[in-house]
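Student: Numbering (the numbering used here), first residue to last: 82 to 835.
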Amino acid sequence: MKLSRLILIYLILFLCKVFAQPVSLKTFMNPVIPGDHPDPTLTRIGNHFYTSGSSFNPTPKIYHSTDLVHWEVISQPVSPDWSQYGDEPGGGIWGGHTVFYDGKYWHYFGRGGGSMYFVTANQPEGPWSEPTTVLVPAGLWSLGVDNSIFIDEDTGKWYLLTKAGPQNNHIVELGNDGQPTGKILDLTWLNPDADGNPYGWAEGPVMWKHNGYYYYSFAQHLVGDQYVMRSDTLTDDESAWTIYNGSIFTGSRATFNRPNHISPAVLLDDGTSWVIAHSYHSSSSWYAHGRQGLLCQVTYNDQGFPVIQYPPDDALQAPDLPSSGIPWMVPKSDMFDETTLKPEWSFLGYTAQGTYSLDVQEGWLYLEPYGGSNTVIQNDGEHSYSLITRVEFEPASTSDEAGLWIINGPETLSAKVYSTKNSDGEKALAFSFDKTLFSVVNKIGSIVWLKLVRAEHMISGYYSSDGIAWTQIGEAINASSMDVQQTDFNNFTGNQQGLYVKGNYAFFDLYIYRDAYSQIIAAHPANQYGTDVTTNRYPPNSLDLIENNDWAMYAGVEFGGNTGYNKTPDSLEISAACTSSGGIVEIWIDSLDTGEKIAECNIENTGSSSDFQIFKAPVENVSGSHDVYLRFTGDGTSRLFRINWFRFKSNLEAPNAVDNNANSPGVNDFHLNQNFPNPFNPATNISYYIPRSSSITLKIYNLLGQEIMTLFEGIRNQGNYTETIDAGNLSNGVYIYTLTSENFAESKKLMILK
82 MKLSRLILIY LILFLCKVFA QPVSLKTFMN PVIPGDHPDP TLTRIGNHFY
132 TSGSSFNPTP KIYHSTDLVH WEVISQPVSP DWSQYGDEPG GGIWGGHTVF
182 YDGKYWHYFG RGGGSMYFVT ANQPEGPWSE PTTVLVPAGL WSLGVDNSIF
232 IDEDTGKWYL LTKAGPQNNH IVELGNDGQP TGKILDLTWL NPDADGNPYG
282 WAEGPVMWKH NGYYYYSFAQ HLVGDQYVMR SDTLTDDESA WTIYNGSIFT
332 GSRATFNRPN HISPAVLLDD GTSWVIAHSY HSSSSWYAHG RQGLLCQVTY
382 NDQGFPVIQY PPDDALQAPD LPSSGIPWMV PKSDMFDETT LKPEWSFLGY
432 TAQGTYSLDV QEGWLYLEPY GGSNTVIQND GEHSYSLITR VEFEPASTSD
482 EAGLWIINGP ETLSAKVYST KNSDGEKALA FSFDKTLFSV VNKIGSIVWL
532 KLVRAEHMIS GYYSSDGIAW TQIGEAINAS SMDVQQTDFN NFTGNQQGLY
582 VKGNYAFFDL YIYRDAYSQI IAAHPANQYG TDVTTNRYPP NSLDLIENND
632 WAMYAGVEFG GNTGYNKTPD SLEISAACTS SGGIVEIWID SLDTGEKIAE
682 CNIENTGSSS DFQIFKAPVE NVSGSHDVYL RFTGDGTSRL FRINWFRFKS
732 NLEAPNAVDN NANSPGVNDF HLNQNFPNPF NPATNISYYI PRSSSITLKI
782 YNLLGQEIMT LFEGIRNQGN YTETIDAGNL SNGVYIYTLT SENFAESKKL
832 MILK
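Written out as C-alpha cells, the structure is:
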C-alpha cells in the first residue's frame, strides 16, 4: 500500500510540472468545509463556484471557491436584523441557493416554517436586497423548504424545485421577476402517500443536465440514502422518468459514512463532475459538529446514472482547478481593523442594528446585549485549536459576562472563559462548562486577555494581562457531552464558536482562531497526504506513519505581527518520538513548493516510540494568518518519527509561557490601554503599564493638537496604573490621549457623549 502511495506521489509531482499545480493542491481530505453546513447547493458561474445551504439560527453565508477544495465566505445574503428572522435553534434559514440569471445574482432560501424568499445583487459579494416573498402558485398549499434552483441553459428557463411534505414534489417555473409563472410540473407520483412514502421525505431536490438528460436527485431524509431519476424531457409525465434502483452512493463507508442532500452536479472543462454533500461524523463523540461539507466526484455508470463513492479517509485526487490563493475553510482570525464586520461572522437569530459596531471604538468590536445576550460566531468543526481575545468589560453583577465561548446547536451547553463579577462583588475571571465553574479574582483591570484551548474534548481556560504570559483558570474540563449526539435540534445544528456578551456591553480588540504560540496538536491536520493518527494511552494523540515526502497541513495559524497582536516568531518547537535515523520537518506557509519555507527542524532518534522529546529550530520572519504545512523528508521508505504537537515561540515570549503572577505583564515594554468606558459621561479610566522606573507624561489633546488636560507628569515605578478623567467641563466630541516617555509615545482616541 505504501509503495502504491509513493508511485502516486511521483505521479502527482510529474503532473505538477506539467500543469504547474503544486503538490498541496493535487489532493484533498474531506470535509472541505468543516462544521455544520447542511443541505448544500452548488453553482458554477464562469470559473467561480458558490455554495450555500441551511444555516438555521446563525446568519446564513455564501461561500466562494475557484478549485472546489478551498472555500471563503464572501457575503451574507440575509441581514441578522431582517424582521422575519426568528431566534430558536432549529428555526432561521432552511436551504439556500445562489444562481446567476438575467444579468444578476439571485439567492433563494426558506424560512423555517415553509415560506420561500429571494434576494438579488449585482455581484455575489453583495450588497443584497431586502428579501422578497416568493408567491405560492394556485394549487399548492406551500413551497416548503430545502429547495433549489435549476436553470435550463438550453431553453433559458429557470425553475424552483419545491418540497412541502413527503409527497409534495413540484417543479415550479419562474419568470424574469423571480416569481412563479403559474406553470407547475407535478411530481407527487414520485413519493405517493398511498405507498407509505417509499423514499421517506424525498427532500432536498436538486437538478442538473448531463449528456442531454435531466437528472432529478433527492434525499430520503437528513441522514438517509440519496436517490436519482432521469429523463430526456423536462416533464411531469411519470412514464418519461426512470428511477435508479438504490442509493447513488456506493463502496465502503468511512468517517463521514452517511452523505446525502447532495448539491446539483457541476461539470468541469475536463469532463469531470462534482457535488457537495453533507454528512455527520460517524463517531458519536463528534456527532454534534454537525453535517459537514464534503466534496465528491460523480461518475456515470453504463446505464447513464450518476454514481458517487462514499468519501474515504484517505487523500483524494482534487479537481484540476486553480485555487487563487484561497486558504482552507476554517474559522478566521480577525483584528477588527475594518469598518464593517467580515462576512465570516454570524449572529444567533434576530439581532438588532446598533447592538454591534466597529465604529464606536476604532479597532475594537462593540457588542451590546440584545434580549439578554449577543454573540458573533463561526462554525466550529475542528478537534483542536486555541482561541484568544482581548476584552474590555465593566461587569456590574454576577450575571454580566464577556468573553470566548463554544456553544452547542441546541444552545444548552457552552464552554467559556469570561470576565464577570463573583458572588463577593469582586471583578473576576471565570472558566466554565455545564455545572463546572472555576473563578479567580481579576487583579488586572477592565481590559484583559482571554484564551480558550480545545484539545479534542478537553477544554481549558486562561487569562493574561498582555497576551504573552498566561495563567490557567482552574483545570481542564471534559466537554465531551457538548460534542456527542444530543436531543432537541442537535440533529440539525452543529457547534459554534466566537465572542459573546451578557448583561452589559463590551469591546473586543481581536479574535484569534489558532494561535501559533500555543501547542498545535499534530493529530488533527485539516489536509494531509500519507500520514495517519495513532491513539496514545495518554493523550494527546500522535501524527504517525510519517514517511519520506508525506505532509500534513494545519489551517488558519495566526502569527500576529500587527497592531492588534504584535508577536512574531523566532523559533519552533516540535514534540516528537523517533526510533529510526530520523529526518527533517520542513515548515511551509500557504502552499507546498509555491509558498514560503520558513523553517527546517531535524528530528533525531529518541530511543523509543513513546519517548517524546522537544526539538527546536529557528524560524524566518512571518506574520498574519497562514495555512501551515509540515513536509517530512528522510532516507528510505520506513517510518521516520511520530509527532505529538508543535508550536512557535515568540520574540516577546517570557522564559515560562505561563506566568502565575497576574499583575505582571512579563515584557519590557510600555502599554497604553483603551479608556473604559468609551464613549463616556462624565468619567472614564485610562490604564497603562510602565516596565521600569521612568519619567512619563499622560495628556489629553483635542483634534487640533491643542493640550486640554494633564493627567500625570512625573516619575512612575514599574507597574500598572490607572488615571481617572472627569470630563464634566469638556464638550462632546473626540479627543486624543497620549502617553510619552523616553523613546516611547502612544496615542489613542476617546469620545465624550453627553
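The beta carbon of each residue, even a glycine, is placed where N, CA and C say it ideally should be.
1) If you measure between the beta carbons of Ile771 and Gly800, is that distance less than 8 Å?
2) Could you spell out where the beta strand (DSSP E) holding Met790 opens and where it closes?
3) Any chance you could list the beta strand (DSSP E) runs of at least 3 consecutive residues sitting entirely within the segment 569-593, in chain order?
4) Along the chain, where does the beta strand (DSSP E) that runs through Ser298 open and close?
5) Do you know offhand how far Thr323's Cα is from Met310's?
6) Cβ atoms of Trp163 and Asp227: under 8 Å apart, would you say?
7) So, at 7 Å on beta carbons, what are the nonlocal neighbours of Thr675 in its own chain, with the 5 sequence-adjacent residues on each side left out?
8) Give the straight-line distance between the Cα atoms of Ala358 and Pro121, rounded to the nearest whole angstrom.
9) I need the DSSP call for Val356, collapsed to helix, strand or coil.
10) Give the range of the beta strand (DSSP E) segment to which Met539 is assigned.
11) Return helix, strand or coil for Val304, following the three-state DSSP convention.
12) Name the residue from Tyr598, Ser454, Thr791 and Ser364 whose alpha carbon lies nearest to the alpha carbon of Ser731.
13) Name the two residues that bound the continuous beta strand (DSSP E) containing Ser822.
14) Starting from Met563, follow the beta strand (DSSP E) in both directions and report where the run begins and ends.
15) Just checking my contact of Gly715 with Glu685 at CB under 8 Å: how many whole Å lie between their CB atoms?
16) My guess is that Asn292 and Asn272 are in contact by the Cβ rule of under 8 Å, so how many angstroms apart are they, rounded?
17) Which term fits Ser365, buried or exposed, when burial requires 16 or more other beta carbons within 10 angstroms of its beta carbon?
18) Could you tell me whether the segment 148-158 touches the segment 395-403, using the rule of 3 or more Cβ pairs below 8 Å?
19) How should Asp235 be labelled, buried or exposed, when 16 other C-beta atoms within 10 angstroms of its C-beta is the threshold for buried?
20) For the beta strand (DSSP E) that Ile679 lies in, which residues bound it at each end?
21) Which residues bound the beta strand (DSSP E) around Tyr447?
22) By how many angstroms is the C-alpha of Glu677 removed from the C-alpha of Trp632?
23) Please report the Cβ distance between Gly637 and Asp708, rounded to the nearest whole angstrom; I am assuming they are in contact, meaning their Cβ atoms lie under 8 Å.
24) Can you tell me where the beta strand (DSSP E) holding Ile627 begins and where it ends?
25) Closer than 7 Å: is that where the CB of Pro412 sits relative to any heavy atom of the ligand SAM?
26) Tell me whether the segment 189-200 and the segment 216-233 touch, counting them as touching only if at least three CB pairs, one residue from each stretch, are closer than 8 Å.
27) Which residues in the same chain have their Cβ closer than 6 Å to the Cβ of Ser354, if we skip the five residues on either side of it in sequence?
28) What does the alpha-carbon distance come out to for the pair Trp718 and Val700?
29) Quick one: any contact between the segment 202-222 and the segment 243-260, if contact means 3 or more CB pairs under 8 Å?
30) Cα-Cα, which of Pro408, Asp394, Trp409 and Glu443 is closest to Met416?
31) If we count the other Cβ atoms within 10 Å of its Cβ and call it buried at 16 or more, is Ser520 buried or exposed?
32) Do Ile540 and Ala496 count as a contact pair if the criterion is CB distance below 8 Å?
33) Taking Ile767 as part of the beta strand (DSSP E), name the residues at either end of that continuous run.
34) Under 8 Å: do the segment 180-189 and the segment 431-448 share three or more Cβ pairs, one atom per stretch?
35) Go to Phe512, then tell me how far its beta strand (DSSP E) extends in each direction, as first and last residue.
36) With a CB to CB cut of under 6 Å and the five nearest residues on each side skipped, what residues in its chain are close to Leu820?
Tutor: In terms of the structure at hand:
1) On the sequence shown, position 690 is the one that residue 771 refers to. On the sequence shown, position 719 is the one that residue 800 refers to. Result yes, Cβ atoms of Ile771 and Gly800 sit closer than 8 Å.
2) Numbered from 1 along the sequence shown, position 709 holds the residue referred to as residue 790. Run containing Met790: Glu788 to Arg797, per the beta strand (DSSP E) assignment.
3) 577-583 and 587-593
4) Along the sequence shown, one-based indexing puts residue 298 at 217. From DSSP, the beta strand (DSSP E) with Ser298 extends over Tyr294 to Ala300.
5) On the sequence shown, position 242 is the one that residue 323 refers to. On the sequence shown, position 229 is the one that residue 310 refers to. One C-alpha to the other measures close to 5 Å.
6) Indexing the sequence shown from 1 puts residue 227 at position 146. Indexing the sequence shown from 1 puts residue 163 at position 82. No, they are not a contact pair.
7) Here residue 675 is taken as the residue at index 594 of the sequence shown, counted from 1. Once the five neighbours on either side are set aside, the close Cβ partners of Thr675 are Pro103.
8) Here residue 358 refers to the residue found at position 277 of the sequence shown. Here residue 121 refers to the residue found at position 40 of the sequence shown. Each residue's Cα considered, the two are about 6 Å apart.
9) Here residue 356 corresponds to residue number 275 of the sequence shown, with the count starting at 1. If DSSP states are grouped into helix, strand and coil, Val356 belongs with the strands.
10) Taking the first residue of the sequence shown as 1, we reach residue 539 at position 458. Met539 -> beta strand (DSSP E) spans Met539 to Ser545.
11) The residue labelled residue 304 in the question sits at position 223 within the sequence shown. The answer is coil: DSSP assigns Val304 none of H, G, I, E or B.
12) Taking the first residue of the sequence shown as 1, we reach residue 731 at position 650. Among Tyr598, Ser454, Thr791 and Ser364, the Cα nearest to that of Ser731 is on Tyr598.
13) Counting from 1 along the sequence shown, the entry for residue 822 is found at position 741. Its beta strand (DSSP E) spans residues Gly814 to Ser822.
14) Taking the sequence shown and counting its residues from 1, the one referred to as residue 563 is at position 482. Careful: Met563 lies outside any beta strand (DSSP E), inside the alpha helix (DSSP H) at Ser561 to Asp564.
15) The count along the sequence shown starts at 1 and reaches residue 715 at position 634. The count along the sequence shown starts at 1 and reaches residue 685 at position 604. Actually they are not in contact, since the Cβ atoms of Gly715 and Glu685 sit about 11 Å apart, beyond 8 Å.
16) Within the sequence shown, the letter at position 211 stands for residue 292. Within the sequence shown, the letter at position 191 stands for residue 272. That pair is no contact at about 26 Å.
17) Looking up residue 365 in the sequence shown gives position 284. Its Cβ having fewer than 16 others within 10 Å, Ser365 is exposed.
18) yes
19) Position 154 of the sequence shown, counting from 1, holds the residue named residue 235. So Asp235 ends up on the exposed side.
20) As a working mapping, residue 679 is identified with position 598 in the sequence shown. Here the beta strand (DSSP E) through Ile679 covers Glu677 to Ile684.
21) Sequence index remark: in the sequence shown, residue 447 carries index 366 (1-based). Per DSSP, Tyr447 belongs to the beta strand (DSSP E) from Leu446 to Leu448.
22) The count along the sequence shown starts at 1 and reaches residue 632 at position 551. The count along the sequence shown starts at 1 and reaches residue 677 at position 596. Rounded to whole angstroms, Trp632 to Glu677 spans 15 Å at the Cα level.
23) Position 556 of the sequence shown, counted from the start, is the residue given in the question as residue 637. Position 627 of the sequence shown, counted from the start, is the residue given in the question as residue 708. Indeed they touch by this definition, with Cβ atoms about 7 Å apart.
24) The residue given as residue 627 occupies position 546 in the sequence shown. It is not in any beta strand (DSSP E) - Ile627 carries neither H nor E in the DSSP assignment.
25) The ligand content of the structure shown is nil, which means the ligand SAM is not present either.
26) yes
27) Translated into positions along the sequence shown, residue 354 becomes position 273. Counting only Cβ-Cβ distances below 6 Å, and skipping sequence neighbours, we find Ala346, Leu348 and Val379.
28) As a position in the sequence shown, residue 718 is number 637, starting the count at 1. As a position in the sequence shown, residue 700 is number 619, starting the count at 1. Checking the displayed sequence, the identity of residue 718 turns out to be Thr instead of Trp. Their backbone Cα atoms lie some 28 Å apart in a straight line.
29) yes
30) Walking along the sequence shown from the start, residue 416 turns up at place 335. Looking at the Cα atoms, Glu443 is the closest of the given residues.
31) For the purposes of this step, residue 520 is taken as the residue at position 439 of the sequence shown. Ser520 is buried by the Cβ-count criterion.
32) Numbered from 1 along the sequence shown, position 415 holds the residue referred to as residue 496. Numbered from 1 along the sequence shown, position 459 holds the residue referred to as residue 540. For Ala496 and Ile540, yes; Cβs fall inside 8 Å.
33) Your numbering for residue 767 matches position 686 in the sequence shown. It spans Ala764 to Ile771 - the beta strand (DSSP E) in which Ile767 sits, taken as one unbroken run.
34) no
35) Start at 1 with the first residue of the sequence shown, and residue 512 comes out as number 431. That run of the beta strand (DSSP E) goes Lys508 to Phe514.
36) Along the sequence shown, read from residue 1 onward, the residue named residue 820 stands at position 739. Hits under 6 Å: Leu753, Tyr769, Leu779 and Glu827.
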